[in-house]
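Remember, our numbering sits 126 above the position in the sequence shown when you count from 1. Structure record follows, encoded as structure tokens.
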Amino acid sequence: MVICSAVFANEAAAVEVIPPKPPAYFNDYANVVPKEKALALNEKLAQFERETSNQVVVSVFRKMETDSDIADYTRR
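So this is what it looks like as structure tokens:
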């Protein structure tokens, strides 16, 4: 029983943490996009939602917190 708990504890520690709801449609957490461009992209994404009722959110991170697969992460 103790071994089983330890295995699950280690597995849970390796799971990528999903960040909270982003404050905007375009979020540059890596600071790689110029502010003016980020604001323009955010407005385009907001306009897209108004016109289509479909929402697209873009988030730029410097790196993954773990070595998890990026394709798997995007499906969460």
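All C-beta atoms, glycine included, are put in the ideal place defined by N, C-alpha and C.
In the DSSP assignment, find the unbroken beta strand (DSSP E) run with Phe187 in it and report its ends.
-> Per DSSP, Phe187 belongs to no beta strand (DSSP E) and is neither H nor E.
Three or more C-beta pairs closer than 8 Å, one from the region 188 to 198 and one from the region 161 to 176: is that the case here?
-> no
Keeping to the same chain, check which residues put their C-beta closer than 7 Å to that of Asn157; ignore five residues upstream and five downstream.
-> none
Quick one: what does DSSP say Asp193 is sitting in, helix, strand or coil?
-> coil
Go ahead and pull the three-state DSSP assignment for Asn168.
-> helix
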